[in-house]
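*Asks:* Residue numbers (this note's numbering), protein chains in the order written: chain A, 1 to 226; chain B, 1 to 336.
Quick one: the structure is below, questions incoming.
Take a look at the structure:
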């Protein structure tokens, strides 16, 4: 019988042969992207691969993502829903507003959202939060994983509109999509500075670590409104 | 202050109380369509931090928070379904077709080679390859079945190939039929691309030809994106490896990407290929823009390009003199 250890609300570590990051499956019996399902004492857990999910990597990197059962999340750059599915597991009584721009990814996301009542798919440009302002309520967490050169600006635009005063911003910054040739460390420094000063609202950086060895040239950032 | 939400238009007082509300009907499809209209229309935006759920409860649009989420879930799902079904534009179909064609080329070549090797053991003298060989095998099977009127008859009689047994013959014939149908499919897709390029991007089609035009759209992702690219980008589309090598180190910049397949470039002498690539890319980007934004055919583009290419050829009749080798330069400040 695998041993279950709770890391934070809704996030667990299973020890079976080796350690697995896992969430409780909100949609029992269904696999989303080929992850393992492990039942423990009547509860089904889904393993969470940090190499395929920046949020997963951030959890292992000890970012305090502070999600509760009823948290509301704005997820920018939802892609096919790999990570969204785990976010949906964690906030089982809450809501995940999943914004994605590409029709191809949206097709997969629709499949996921139609089985999970707490995912609200939105096909729009994350850089234009006005285009979904009539749908999204104030949220506790904005998670952003968009491969765009103006990531910091997108984060601040969304935060100013949707982030609660005591909410958090979790950001995965991909150095390669800001500048393909520059040194990633320089790019990270630059982006963190932008988050702190360049836009309104300004952020206070609580934690910033690279996501090695799970993702190369990615920086994870946890911030809150100043 | 008027605030537009997915469930209705609200009039909000100064302290946030709802003065008046014009609620929409609870029809999911109708709400989804409205939501898509609101996405484009930026009027009556809710103020930052506006709690939509509380407003929906207060205005009596719904009775409970659970009802709010279940209705919103249905509406957002319906809205994205409408968006996705509208996303398969004609240029996206061309992209699928041209990528399928590339896959087919690869598969057909490797299967065709396999057929050549396999059948070679039975009739190595046939001298046939590719589609001709596949058609031959599908028709005759063993070389014994060739009639005396066939030009290959004498070769078949004197062949050093092994005897083709019945079981092997069935296999080979079936395999050859498959290969034939792949060649057939390739032609069908090519015709499809030619026809659709003519209607979707007539100017691009005129300058680049259907295959190159379709590949440019395919690599860019859409005609819209191709139209937004500067011509310097179009010039090196498909040469990203060389381009990034150039940007990272001191490697020379690529002169051309996939536009090299255009005869204007690949038949030109090497010293003016870069110049012609630049001229061609300039006209390609113009063509893509006309196609995306107006769609009317403009044959003057081709004439201008011809004139330009003639000029380049006339003013560069001879290869340039080689410059003195200047030795490797310092790479100190560059990332590897």
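Heads up, the beta-carbon is just placed ideally off N, CA and C, and yes, glycines get one too.
Check each residue of the stretch 246-271 of chain B: if its Cβ is closer than 9 Å to any Cβ of chain A, include it; give the result in chain order.
*Replies:* 247, 248
*Asks:* Just to confirm my understanding: we take residue 213 of chain A, look at its own chain, exclude 5 residues before and 5 after, and list those with CB closer than 6 Å. What are they?
*Replies:* Start at 1 with the first residue of the first chain, and residue 213 of chain A comes out as number 213. Excluding positions up to five away in sequence, the list is empty.
*Asks:* In the DSSP assignment, find the unbroken alpha helix (DSSP H) run with residue 100 of chain B in it and report its ends.
*Replies:* In the second chain, the residue the question calls residue 100 of chain B occupies position 100. From DSSP, the alpha helix (DSSP H) with residue 100 of chain B extends over 90-120.
*Asks:* Give the range of the alpha helix (DSSP H) segment to which residue 86 of chain A is assigned.
*Replies:* Residue mapping note: residue 86 of chain A aligns to position 86 of the first chain, counting from 1. Segment 82-90, the alpha helix (DSSP H) holding residue 86 of chain A.
*Asks:* May I ask you to verify whether the stretch 149-164 of chain A touches the stretch 193-201 of chain A, counting CB pairs closer than 8 Å and requiring at least 3?
*Replies:* yes
*Asks:* Pick out the complete beta strand (DSSP E) segments inside the stretch 30-97 of chain A, 3 residues or longer, and give them in chain order.
*Replies:* 37-40, 43-47, 72-76
*Asks:* Quick check: is the beta carbon of residue 5 of chain B nearer than 9 Å to any beta carbon in chain A?
*Replies:* By 1-based counting over the second chain, the position of residue 5 of chain B is 5. Output row for residue 5 of chain B: interface = yes.
*Asks:* Going by Cα to Cα distance, which pick from B:83, B:65, B:280, B:57 is closest to residue 34 of chain B?
*Replies:* Along the second chain, read from residue 1 onward, the residue named residue 34 of chain B stands at position 34. For residue 34 of chain B, the nearest C-alpha among the options comes from B:83.
*Asks:* Taking 6 Å as the limit between beta carbons, can you name the residues of its chain near residue 123 of chain A, skipping five residues before and five after?
*Replies:* Working through the first chain from its first residue, we reach residue 123 of chain A at position 123. Taken in chain order, the residues that qualify are 106.
*Asks:* Please report the straight-line C-alpha distance between residue 202 of chain B and residue 190 of chain B, rounded to a whole angstrom.
*Replies:* Indexing the second chain from 1 puts residue 202 of chain B at position 202. Indexing the second chain from 1 puts residue 190 of chain B at position 190. For residue 202 of chain B and residue 190 of chain B, the distance between alpha carbons rounds to 16 Å.
*Asks:* Taking the alpha carbon of residue 170 of chain A as the reference point, which residue from A:130, A:207, A:149, A:181 has its own alpha carbon closest?
*Replies:* On the first chain, residue 170 of chain A is found 170 positions in, with the first residue counted as 1. For residue 170 of chain A, the nearest C-alpha among the options comes from A:207.
*Asks:* What are the start and end residues of the alpha helix (DSSP H) that includes residue 4 of chain A?
*Replies:* Translated into the one-based positions of the first chain, residue 4 of chain A becomes position 4. Taken as a continuous stretch (DSSP letters only), residue 4 of chain A belongs to no alpha helix (DSSP H), being part of the beta strand (DSSP E) at 3-8.
*Asks:* In this structure, does DSSP put residue 211 of chain B in helix, strand or coil?
*Replies:* Indexing the second chain from 1 puts residue 211 of chain B at position 211. DSSP places residue 211 of chain B within a helical segment (H, G or I) once states are collapsed to three.
*Asks:* Using a Cβ cut-off of 9 Å (strictly closer), state whether residue 132 of chain A contacts chain B.
*Replies:* Start at 1 with the first residue of the first chain, and residue 132 of chain A comes out as number 132. Residue 132 of chain A belongs to the set of residues whose beta carbon lies under 9 Å from a beta carbon in chain B.
*Asks:* Return no unless some Cβ of chain B is closer than 9 Å to the Cβ of residue 32 of chain A.
*Replies:* In the first chain, residue 32 of chain A corresponds to position 32, counting from 1. So no, residue 32 of chain A is outside the interface.
*Asks:* What's the C-alpha gap between residue 69 of chain B and residue 53 of chain B?
*Replies:* For the purposes of this step, residue 69 of chain B is taken as residue 69 along the second chain, with counting starting at 1. For the purposes of this step, residue 53 of chain B is taken as residue 53 along the second chain, with counting starting at 1. About 9 Å.
*Asks:* Given a cut-off of 9 Å, decide if residue 240 of chain B and residue 257 of chain B are closer than it, judged by their beta-carbon atoms.
*Replies:* As a first step, residue 257 of chain B must be located in the second chain, where it is residue number 257. As a first step, residue 240 of chain B must be located in the second chain, where it is residue number 240. In this structure, residue 240 of chain B lies closer than 9 Å to residue 257 of chain B by Cβ.
*Asks:* Would DSSP call residue 223 of chain A helix, strand or coil?
*Replies:* On the first chain, position 223 is the one that residue 223 of chain A refers to. Strand, per DSSP.
*Asks:* Around the C-beta of residue 121 of chain A, are 16 or more other C-beta atoms found within 10 angstroms, so that it is buried, or is it exposed?
*Replies:* Translated into the one-based positions of the first chain, residue 121 of chain A becomes position 121. So residue 121 of chain A ends up on the buried side.
*Asks:* Considering only C-alpha positions, which residue in the set B:91, B:252, B:46 is nearest to residue 161 of chain A?
*Replies:* Residue mapping note: residue 161 of chain A aligns to position 161 of the first chain, counting from 1. That would be B:46, whose Cα lies nearest to the Cα of residue 161 of chain A.
*Asks:* With 16 other CB atoms within 10 Å as the buried threshold, where does residue 115 of chain A fall?
*Replies:* Translated into the one-based positions of the first chain, residue 115 of chain A becomes position 115. Flag for residue 115 of chain A reads exposed.
*Asks:* Going by the beta-carbon positions, is the gap between residue 179 of chain B and residue 104 of chain B smaller than 9 Å?
*Replies:* Working through the second chain from its first residue, we reach residue 179 of chain B at position 179. Working through the second chain from its first residue, we reach residue 104 of chain B at position 104. Cβ atoms of residue 179 of chain B and residue 104 of chain B: not closer than 9 Å.
*Asks:* In angstroms with no decimal places, state the Cα-to-Cα distance between residue 59 of chain A and residue 100 of chain A.
*Replies:* For the purposes of this step, residue 59 of chain A is taken as residue 59 along the first chain, with counting starting at 1. For the purposes of this step, residue 100 of chain A is taken as residue 100 along the first chain, with counting starting at 1. C-alpha separation (whole angstroms): 23 Å.
*Asks:* Name, going along the chain, the residues of the stretch 67-79 of chain B whose beta-carbon falls closer than 7 Å to a beta-carbon of chain A.
*Replies:* 69, 70, 72, 73, 76, 77
*Asks:* Beta strand (DSSP E) containing residue 13 of chain A: first to last residue?
*Replies:* Mapped onto the first chain, residue 13 of chain A falls at position 13. Counted as a single uninterrupted DSSP element, the beta strand (DSSP E) harbouring residue 13 of chain A occupies residues 11-16.
*Asks:* So residue 168 of chain A is in the beta strand (DSSP E); what residue range does that whole segment cover?
*Replies:* Here residue 168 of chain A refers to the residue found at position 168 when the first chain is read from its first residue. Element bounds for residue 168 of chain A: 163-174.
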